[in-house]
Amino acid sequence: MIFVSAPSLAQTPPVLRWAGDPEGGAPYVEADPSDPSKLVGFDVEVADLIARGLGRTPQFININFASIDQSVVRGDADIGLSGIEDTPAHRTAFAVTVPYYEFREVLSVRTADAARFRSLADLRGRRVGTLGGTIAYEILRNAERNQGIEAVSYDDDVHPYSDLVLGRLDAVLLDNVLAERRRRTTPGFITQPDPVAVSHYVGVMAPANGVLRDRVNGVLKQAMRDGTLERIFRKWNVWNDDQPPLFARVNAGTPIEPLVMVAANGVTPSMAPSLATMPKLEATRAYFPALVRASVITLIFSCAAMLMAVALGIAIATGRIYGARVVRVLLVLVALLRVTSILSVLTVVELTKEPQIFATNLGSWVIPGALCAALYLAMSLPLAALARALERRWRWT
1441 MIFVSAPSLA QTPPVLRWAG DPEGGAPYVE ADPSDPSKLV GFDVEVADLI ARGLGRTPQF
1501 ININFASIDQ SVVRGDADIG LSGIEDTPAH RTAFAVTVPY YEFREVLSVR TADAARFRSL
1561 ADLRGRRVGT LGGTIAYEIL RNAERNQGIE AVSYDDDVHP YSDLVLGRLD AVLLDNVLAE
1621 RRRRTTPGFI TQPDPVAVSH YVGVMAPANG VLRDRVNGVL KQAMRDGTLE RIFRKWNVWN
1681 DDQPPLFARV NAGTPIEPLV MVAANGVTPS MAPSLATMPK LEATRAYFPA LVRASVITLI
1741 FSCAAMLMAV ALGIAIATGR IYGARVVRVL LVLVALLRVT SILSVLTVVE LTKEPQIFAT
1801 NLGSWVIPGA LCAALYLAMS LPLAALARAL ERRWRWT
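First residue of the sequence shown: 1441, per this note's numbering; consecutive thereafter.
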């Protein structure tokens, strides 16, 4: 007779792979200050909640925020959770969960400008910063066309507020969660009480994962009813009066718009149609001028970097021949810096950022990637031909 112990019969529960970006920091996802090997944040707890409800074990996949969408489509993760915004692009290209948190897009200005700049309409001709590839960036791009502001995109949510305080920006438009977090650590600015728009955080899954999405929705709705989500949000100091009405609408099955613009001075701003809902050709035509502008900026920086490299080269050669020992050592360090990729990164950042924003809004990398490659080729071939002609002309005989 063979006896088999109960533990050997037990199966290891399946995992729920969830993608997030700890670089975004609290209160979403961050390393635990007391134990950096662990993650904390309200999206960490939401992922744990979902995994438990599905009978799975949560497994975190560290993905850069801008790449979470692509990682989910590739199958690297089952769900993306890291302050993912409820956008028309996400609803078009992904299986999106019900909204589980409502946030407000709020305007932050320097304390001294609180009475001057109360809305985007007050910022005509002014520089307003935000994160690229977000709802806030689309709002600013729309305001750039209709209200004459200058939209400035960033790759993180730290530098917009520091640049605001330093006077490089006149305002910042971002989620109230991010604004409140930065206000605690960066004095010198205030957040206007009236929101510019209202949207939500959601989880995103691959389009084919509709069954999993429906199961996740059941877990989230139950957590709204039994107070679990409220306890999580209160723990992270992000609970407010906007959440109970959202929970009630979600459980009642009321349709929820991904973005609602809020009236300012009696006028509700209109938003251009989302790129994700437009025909691909029309969306490309609408965004192409931004890519061309980025190409021009990249070309200017590249030429300036080339001139700087030539000037440094002449200075280095002169210093090596005529300079003292200390000068020669310093010039060697400068030469090492010159041949690294730092200048190259500086010159291409503009043209790499715009296609990334375009892809995020479109929900696909195919067209933005092809356009970016074509623009690089269009810029490179004439410069390569010019360089070859100059080499032939200046060749030593």
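The beta-carbon is built from N, C-alpha and C at its ideal position, and this holds for glycine as well.
Per-residue DSSP class, three states only, for residue i
i            : result
residue 1570 : strand
residue 1673 : helix
residue 1668 : helix
residue 1843 : The first residue shown for the chain is 1441 and the last is 1837, placing residue 1843 beyond what the model contains.
residue 1601 : helix
residue 1501 : strand
residue 1642 : coil
residue 1702 : coil
residue 1519 : strand
residue 1608 : coil
residue 1620 : helix
residue 1596 : coil
residue 1496 : coil
residue 1687 : helix
residue 1529 : helix
residue 1452 : coil
residue 1729 : helix
residue 1783 : Confidence at residue 1783 is low in this model, with a pLDDT of 49, below 50, so its placement is unreliable and no value can be given for it.
residue 1658 : helix
residue 1391 : Because the chain spans 1441 through 1837 in this model, residue 1391 falls outside it and cannot be assessed.
residue 1457 : strand
Distance, residue j Cα to residue i Cα
i            : j            : result
residue 1442 : residue 1665 : Reliability fails at residue 1442, whose pLDDT of 45 lies under 50, so the model's placement of it is uncertain and the value that follows must be treated cautiously. Between residue 1442 and residue 1665, the C-alpha separation is close to 48 Å.
residue 1485 : residue 1499 : 12 Å
residue 1605 : residue 1650 : 45 Å
residue 1528 : residue 1698 : 7 Å
residue 1572 : residue 1561 : 21 Å
residue 1598 : residue 1591 : 17 Å
residue 1827 : residue 1737 : 20 Å
residue 1607 : residue 1589 : 16 Å
residue 1817 : residue 1809 : 12 Å
residue 1455 : residue 1585 : 46 Å
residue 1507 : residue 1516 : 11 Å
residue 1658 : residue 1493 : 9 Å
residue 1496 : residue 1453 : 6 Å
residue 1682 : residue 1547 : 18 Å
Residue i, enclosing beta strand (DSSP E) - first and last residue
i            : result
residue 1489 : Counting along the chain, residue 1489 falls outside any beta strand (DSSP E), though it belongs to the alpha helix (DSSP H) covering 1482 to 1493.
residue 1463 : First-last for residue 1463: undefined, no H or E at that position.
residue 1543 : 1541 to 1550
residue 1471 : 1470 to 1472
Closest by C-alpha distance to residue i, when choosing among the options
i            : options                   : result
residue 1672 : 1481, 1453, 1522 and 1549 : 1481
residue 1487 : 1744, 1669, 1747 and 1697 : 1669
residue 1587 : 1691, 1568 and 1516       : 1568
residue 1489 : 1661, 1512, 1470 and 1565 : 1661
residue 1611 : 1646, 1559, 1820 and 1743 : 1559
residue 1692 : 1525, 1824, 1497 and 1539 : 1539
residue 1812 : 1553, 1829, 1625 and 1729 : 1729
residue 1644 : 1525, 1467, 1465 and 1501 : 1525
residue 1564 : 1642, 1583 and 1831       : 1583
Endpoints, alpha helix (DSSP H) assigned at residue i
i            : result
residue 1509 : 1508 to 1514
residue 1575 : 1575 to 1587
residue 1831 : 1806 to 1834
Distance CB(residue i)-CB(residue j) smaller than 8 Å
i            : j            : result
residue 1520 : residue 1459 : yes
residue 1504 : residue 1475 : no
residue 1579 : residue 1648 : no
residue 1543 : residue 1617 : yes
residue 1631 : residue 1619 : yes
residue 1405 : residue 1634 : Within the shown structure, residues of the chain are numbered from 1441 to 1837, placing residue 1405 beyond reach of any answer.
residue 1689 : residue 1537 : no
residue 1841 : residue 1457 : This structure gives no information on residue 1841, because the portion of the chain shown stretches from 1441 to 1837.
residue 1626 : residue 1602 : yes
residue 1570 : residue 1613 : yes
residue 1467 : residue 1674 : no
residue 1629 : residue 1513 : no
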